[in-house]
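Asks: The numbering used here numbers the first residue of the sequence shown as 12 and each following residue consecutively.
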Amino acid sequence: MKKGNSSLKRDVGLFGVIAIAAGSVIGAGPMVLAGGASKLCGPAVWLAYLVIGVPLIIVAISYAAVGSAMPMEGGTYYYPSRVYSPFIGFLSGWTRWLAYITPVAITAIAFSDHIQTIVPAIPTAVLMVGFIAIFYIINVLGIKISAGTQAVMFVILVGGLLTFSLKGLMSINPDYMKPMQPFGFSGTIHAAALLFFAYVGFTCAAEIGDEVKNPGRNVPLGMVIAIVICFILYILMSLSASGNLLWSEQAMSSTPIYDAAKIVLPVGGATIFLFVVMMALATSQNAFQIASSRMALTLGRDRAIPEVFGSLNKRYGTPVYALTATVVVALIFVFSGKGLIFACYTSNLSFLFGYVTVMIATMLLPRNRPELYAKAPFKLKGVWNYILPIIAIVVSIIFMALQEPMAMVWTIVWMAIGTVIYFIRKMQLAKEGVKLEDILKSIPEKLE
């Protein structure tokens, strides 16, 4: 095996970054959460997407600023640890690892739900495990193959969703949209808190900085383009679905968008759209396996967790141990029986915590790392370097408070486990005369 200081291959261009970021976003979230959101806000799902989408564009811009200055693997962990706090950075990375693992489980569950609508005889466990295993193998073979696969799936996905959305908009039944907010605006806010999961994956691009060509430009630009694409698509999709399928029927379905497609599209079109849904789940599964394994890889390379997770396979140059750990934890979640919605809330909390830590890094970057801020191809200047991150922090805290309480308990337990691991590793390294904090604060020569 190659150890942690070995180089990953820069095989991903701008379109690959967009495909990984947007492909991870357009997955289980929009395909299955429309039902849960409809229970909370009726036909106003499109408005809930708008409510959470606008502040997340602000998050993406702020993320892009710090990502442009430090385009490194495992960005969510890397930014706070190098800018202001090694421990907070570790906790951010550890929690983000959970945030990336849960969608691996969620997309597998959603894949099984959709396939069983046409082939109910295949056991659920076989479908879920097989789905995860396929992309595990693809990712073991290398980022060039996985990113190329992602790009092809992404093109098919966007084309299919646009076809459904535009055709559905032409056949909207106005009566299905009344009353627009049967549970008031508070219902729409709670739906937005759930639908936050539908946007979470855009930061996957920040976790592969070491594998991107011209990362200072392509990582931030790709993230912002991805979130805008998803923002537009989600509003169009939800209007099309709510205008053609009663929100009460969506609320009872585990495959609401597919059910709407069976109404909107001609005979045979729904079957083709099911393939598009599979592309959505596949792009998300692939991207989250990439991002989660790179987070574990970075933590391992910095010796914050056992160093074996920071090693690369000799033949393929991929983090096989980190990938394997990710898949094992995802499978535990799949078979835990807690359910898809609960997993979404858990993922949401983990992402929101990470957003707060990264937004603080964005604000402190000019003061604490002025040399990196000065070299960044994209930066927030003047008061905007504070206004945008503060807005993002406030919104993140509000939506953290709206998540399911039991999911909050699980997230806190995961953070507690990470804290124990951190201090154990700190003591182990101290015996070798090494300070973990010094490792976590170090800046690679290529960024200096």
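Positions of the beta carbon are idealized from the N, C-alpha and C atoms, including for glycine.
Just so we're clear, the structure is a prediction, and the values are computed from it rather than from any experiment.
Please state whether the Cβ-Cβ distance between A71 and F213 is less than 9 angstroms.
Replies: Your numbering for residue 71 matches position 60 in the sequence shown. Your numbering for residue 213 matches position 202 in the sequence shown. Yes; because the gap between Cβ atoms is below 9 angstroms, this pair is in contact.
Asks: Quick check: the region 137-145 against the region 302-321, are there 3 or more CB pairs under 8 angstroms?
Replies: no
Asks: Could you please give the first and the last residue of the uninterrupted alpha helix (DSSP H) stretch that includes Q192?
Replies: In the sequence shown, the residue the question calls residue 192 occupies position 181. No alpha helix (DSSP H) holds Q192; DSSP gives it neither H nor E.
Asks: Pick from G24, P185, K273 and W105: whose alpha carbon is nearest that of I423?
Replies: Translated into the one-based positions of the sequence shown, residue 423 becomes position 412. With distances taken between Cα atoms, I423 lies closest to W105.
Asks: Taking DSSP as the reference, what is the three-state secondary structure of V278?
Replies: If you number the sequence shown from 1, residue 278 lands on position 267. Of the three classes helix, strand and coil, the one that applies to V278 here is coil, per DSSP.
Asks: Would a C-beta distance cut-off of 9 angstroms place A387 and S73 closer than the cut-off?
Replies: Reading the sequence shown from its first residue, position 376 is the one you call residue 387. Reading the sequence shown from its first residue, position 62 is the one you call residue 73. Not closer than 9 angstroms, so no.
Asks: Which of helix, strand or coil does DSSP assign to V223?
Replies: Locating residue 223 in the sequence shown gives position 212, counting from the first residue. If DSSP states are grouped into helix, strand and coil, V223 belongs with the strands.
Asks: Quick one: give me the first and last residue of the alpha helix (DSSP H) that R378 is part of.
Replies: In the sequence shown, counting from the first residue as 1, residue 378 sits at position 367. Element bounds for R378: L351 to N379.
Asks: Skipping 5 residues on each side, what residues in its chain have a beta carbon closer than 7 angstroms to that of A336?
Replies: Against the sequence shown, residue 336 aligns to sequence position 325. Result list for A336: A307 and F320, in chain order.
Asks: Could you have a look at V23 and say whether DSSP puts it in helix, strand or coil?
Replies: For this step, residue 23 is matched to residue 12 along the sequence shown. Strand, per DSSP.
Asks: Take I240 and list the residues in its own chain whose beta-carbon comes closer than 6 angstroms to its own, dropping the five residues that flank it on each side.
Replies: Translated into the one-based positions of the sequence shown, residue 240 becomes position 229. So the list reads A33, once near-sequence residues are dropped.
Asks: In this structure, how does DSSP classify L310 when only helix, strand and coil are distinguished?
Replies: Taking the first residue of the sequence shown as 1, we reach residue 310 at position 299. Note: L310 maps to helix in three-state DSSP.
Asks: Output needed for V211: all residues of its chain with C-beta closer than 6 angstroms, excluding positions within five of it in sequence on either side, in chain order.
Replies: For this step, residue 211 is matched to residue 200 along the sequence shown. Excluding sequence neighbours, V211 sits near F362.
Asks: Can A202 and Q414 be called in contact, C-beta distance under 9 angstroms?
Replies: Translated into positions along the sequence shown, residue 202 becomes position 191. Translated into positions along the sequence shown, residue 414 becomes position 403. Cβ atoms of A202 and Q414: not closer than 9 angstroms.
Asks: Rounded to a whole number of angstroms, what is the C-alpha to C-alpha distance between A315 and L102?
Replies: On the sequence shown, position 304 is the one that residue 315 refers to. On the sequence shown, position 91 is the one that residue 102 refers to. One C-alpha to the other measures close to 10 angstroms.
Asks: Quick one: using the 10 Å Cβ neighbour count with 16 as the cut-off for buried, is D449 buried or exposed?
Replies: One-based indexing of the sequence shown puts residue 449 at position 438. Counting Cβ neighbours within 10 Å, D449 comes out exposed, since fewer than 16 surround it.
Asks: If we call anything under 9 angstroms between Cβ atoms a contact, is F344 one with M426?
Replies: Here residue 344 refers to the residue found at position 333 of the sequence shown. Here residue 426 refers to the residue found at position 415 of the sequence shown. Not closer than 9 angstroms, so no.
Asks: Around the Cβ of N255, are there at least 16 other Cβ atoms within 10 angstroms (buried) or fewer (exposed)?
Replies: Within the sequence shown, the letter at position 244 stands for residue 255. With 16 or more Cβ atoms within 10 Å of its Cβ, N255 is classed as buried.
Asks: Any idea if V445 is buried or exposed, counting beta-carbon neighbours within 10 angstroms, 16 or more meaning buried?
Replies: The sequence position of residue 445 within the sequence shown is 434, counting from 1. It counts as exposed.
Asks: Cα-Cα, which of F389, F353, T329 and I143 is closest to V235?
Replies: Counting from 1 along the sequence shown, the entry for residue 235 is found at position 224. Put simply, of F389, F353, T329 and I143 the residue whose alpha carbon is nearest the alpha carbon of V235 is F389.
Asks: Just checking my contact of L334 with Y147 at CB under 8 angstroms: how many whole Å lie between their CB atoms?
Replies: By 1-based counting over the sequence shown, the position of residue 334 is 323. By 1-based counting over the sequence shown, the position of residue 147 is 136. Right, the Cβ-Cβ distance comes to about 6 angstroms (below 8 angstroms), so this counts as a contact.
Asks: Given this structure, state the Cα-to-Cα distance separating G38 from Q296, to the nearest angstrom.
Replies: By 1-based counting over the sequence shown, the position of residue 38 is 27. By 1-based counting over the sequence shown, the position of residue 296 is 285. G38 and Q296: Cα-Cα distance of roughly 8 angstroms.
Asks: Under 6 angstroms Cβ to Cβ from P400, same chain only, skipping five residues before and after it: list those, please.
Replies: In the sequence shown, residue 400 corresponds to position 389, counting from 1. Contacts found: S73, M370, T373 and M374.
Asks: Measuring only the C-alpha atoms, how far is C355 from N379?
Replies: Walking along the sequence shown from the start, residue 355 turns up at place 344. Walking along the sequence shown from the start, residue 379 turns up at place 368. The straight-line gap from Cα to Cα measures roughly 35 angstroms.
Asks: Pick out whichever of S358, L44 and T430 has its Cα sitting closest to the Cα of M417.
Replies: Translated into positions along the sequence shown, residue 417 becomes position 406. Checked all of S358, L44 and T430; the closest Cα to M417 is S358.
Asks: How is V445 classed by DSSP in three states: helix, strand or coil?
Replies: Here residue 445 corresponds to residue number 434 of the sequence shown, with the count starting at 1. Coil at V445, not helix or strand.
Asks: Please classify V130 as buried or exposed, where buried requires at least 16 neighbouring CB atoms within 10 angstroms.
Replies: Against the sequence shown, residue 130 aligns to sequence position 119. It is exposed - the Cβ of V130 has fewer than 16 other Cβ atoms within 10 Å.
Asks: Since I believe S79 is in contact with G233 (beta carbons under 8 angstroms), could you give me their beta-carbon distance rounded to a whole number of angstroms?
Replies: In the sequence shown, counting from the first residue as 1, residue 233 sits at position 222. In the sequence shown, counting from the first residue as 1, residue 79 sits at position 68. Wrong, their Cβ atoms sit about 11 angstroms apart, outside the cutoff.
Asks: Does A385 pass the burial test, meaning 16 or more other C-beta atoms within 10 Å, or should it be called exposed?
Replies: Position 374 of the sequence shown, counted from the first residue, corresponds to residue 385. That one is exposed.
Asks: Closer than 6 angstroms by C-beta to P231: which residues in its own chain qualify, once you throw out the five before and the five after it? Chain order, please.
Replies: For the purposes of this step, residue 231 is identified with residue 220 of the sequence shown, where counting begins at 1. So the list reads A75, G78, S79 and F389, once near-sequence residues are dropped.
Asks: For a quick check, are the C-beta atoms of L168 and V287 less than 9 angstroms apart?
Replies: Residue mapping note: residue 168 aligns to position 157 of the sequence shown, counting from 1. Residue mapping note: residue 287 aligns to position 276 of the sequence shown, counting from 1. For the 9 angstroms CB-CB criterion, L168 and V287 form a contact.
Asks: Got a sec? Which residues, its chain only, sit under 7 angstroms from W421 by beta carbon, not counting five neighbours each side?
Replies: Here the question's residue 421 lines up with position 410 in the sequence shown. The beta carbon of W421 is closer than 7 angstroms to those of T357 in its chain, skipping five residues each way along the sequence.
Asks: In the structure shown, what three-state DSSP assignment does F346 receive?
Replies: As a working note, residue 346 is residue 335 in the sequence shown. DSSP places F346 in coil when its eight states are reduced to three.
Asks: From L292 to K442, what does the alpha carbon distance come to, in whole angstroms?
Replies: What you label residue 292 is simply residue 281 of the sequence shown in a count that begins at 1. What you label residue 442 is simply residue 431 of the sequence shown in a count that begins at 1. Looking at the two C-alpha atoms, the distance is approximately 46 angstroms.
Asks: Identify whether I112 lies in helix, strand or coil by the three-state DSSP scheme.
Replies: Translated into positions along the sequence shown, residue 112 becomes position 101. Helix.
Asks: Here's the rule I'm using: 16 or more other beta-carbon atoms within 10 Å means buried, otherwise exposed. How should L177 be labelled?
Replies: Against the sequence shown, residue 177 aligns to sequence position 166. Classification for L177: exposed.
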